[in-house]
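A.B. asks: Before I ask anything, here is the structure I am working with.
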Amino acid sequence: MMMPSTKLLKLKSTTSNATKNIPSTTTTTTTATITTTATTTTTTTTSTTNASQYYKNKTLILDLDETLVHSVRLGSEASINTKVNASVIRKNIEVQCDKQNLIYEVYKRPHVDFFLKTISQWYKVVIYTASMAEYADPVIDWLDQDNLISQRFFRQSCVLKNGNFLKDLTLAEQDLCKVCLVDNSPIAFDLYKENGIALPTWISNPNDESLLDLLPFLDALRFAADVRSILRLQHKLK
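full-length UniProt numbering puts the sequence shown at residues 1 to 238.
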């Protein structure tokens, strides 16, 4: 019987050692994969956190009359001449003003409840009206039965200029990159024109869909680092 040569013995020994090393290599590769996955997860989380800063904590300020509601004082000429479709939601609200009890019939703009519920998931919602608090407070209470509105500002918070009531948006949010005002009267945001969104005036049209039409735009606007960069373009197109 012939003995294997020395070269053959060395070859077998080398092959055996290489085979023993395979599990070690596999373990190292697995560890590296886990490390890479962990690194990727950390990077993704960091990116998500950085991205979220652009749309969190933005403030949407809403006008009240002719934007969200329309109202008439019962017994006034306007109440006699205004005919509102029976499908429009309404409520009589008692207002105390100058020691008098006045009754206002207040009409909700179509889709206002859905609008408020939706935007409250995207923005801090504020109502800023040129109306007196004695009238506006009970109207907002009726609108906001789910406590979606964070703050309220009334006529006393407006800036009177040339007979017009302008709205100081910095009362609600000092960082103008993160605030916009929806109002049917463009002059209301005359102090901060680049932060304004004009909405058609609503009186009684039961088929009005302006609030619904605005939702896709507001959904996109919340992702802007500076809302003015978008609203500035919108104003130029008009």
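Ideal Cβ placement from N, Cα and C applies to all residues, glycine included.
Fair warning: this is a prediction, and the values are worked out from it, not measured in the lab.
#1: Measure how close the beta-carbons of D183 and L166 come, nearest whole angstrom, since I'm counting them as under 8 Å.
#2: Compare the beta carbon distance of N85 and L74 with 9 Å and say whether it is the shorter of the two.
#3: Specify the secondary structure class of Y128 as computed by DSSP and reduced to three states.
#4: Hey, quick one: how far does the alpha helix (DSSP H) through K117 stretch, first residue to last?
#5: Helix, strand or coil for V88? Go by DSSP, reduced to three states.
#6: By a C-beta neighbour count over all protein chains shown, 10 Å radius and 16 as the cutoff for buried, is C97 buried or exposed?
#7: According to DSSP, simplified to helix, strand and coil, what is F154?
#8: Could you round the C-beta distance between D63 and Y128 to whole angstroms and report it? I think they count as a contact, below 8 Å.
#9: Please classify K193 as buried or exposed, where buried requires at least 16 other C-beta atoms within 10 Å of its C-beta.
#10: In angstroms with no decimal places, state the Cα-to-Cα distance between N162 and D65.
#11: For S76 and A188, I'd like the C-alpha separation in whole angstroms.
#12: Should the region 139-148 be regarded as contacting the region 114-124, the criterion being three or more beta carbon pairs within less than 8 Å?
#13: Is it buried or exposed, I89, if we count other Cβ atoms within 10 angstroms and call 16 or more buried?
#14: Buried or exposed, going by whether 16 or more other CB atoms sit within 10 Å of the CB of T170?
#15: Does the beta-carbon distance from V69 to K108 come in below 9 Å?
#16: Q151 to K83, Cα distance in whole Å?
#17: Quick check on DSSP: helix, strand or coil for I203?
#18: Taking DSSP as the reference, what is the three-state secondary structure of F165?
#19: DSSP puts D183 in a beta bridge; with which residues?
#20: Look up S71 in the DSSP assignment and say whether it is helix, strand or coil.
#21: What is the residue span of the beta strand (DSSP E) that L102 lies within?
#22: Using the Cβ count rule (16 or more neighbours within 10 Å means buried), how would you classify R228?
#23: For R232, count neighbouring C-beta atoms within 10 Å of its own C-beta (all shown protein chains included) and say buried if the count is 16 or more, exposed if not.
#24: Exposed or buried, which one is I203 when buried takes at least 16 other CB atoms within 10 Å?
C.D. replies: Checking against the coordinates, here is how it stands:
#1: The pair is not a contact, with the Cβ atoms about 10 Å apart (cut-off 8 Å).
#2: no
#3: strand
#4: V112 to I119
#5: coil
#6: exposed
#7: coil
#8: 7 Å
#9: exposed
#10: 21 Å
#11: 26 Å
#12: yes
#13: exposed
#14: exposed
#15: yes
#16: 32 Å
#17: coil
#18: strand
#19: A198
#20: strand
#21: Q100 to K108
#22: buried
#23: exposed
#24: exposed
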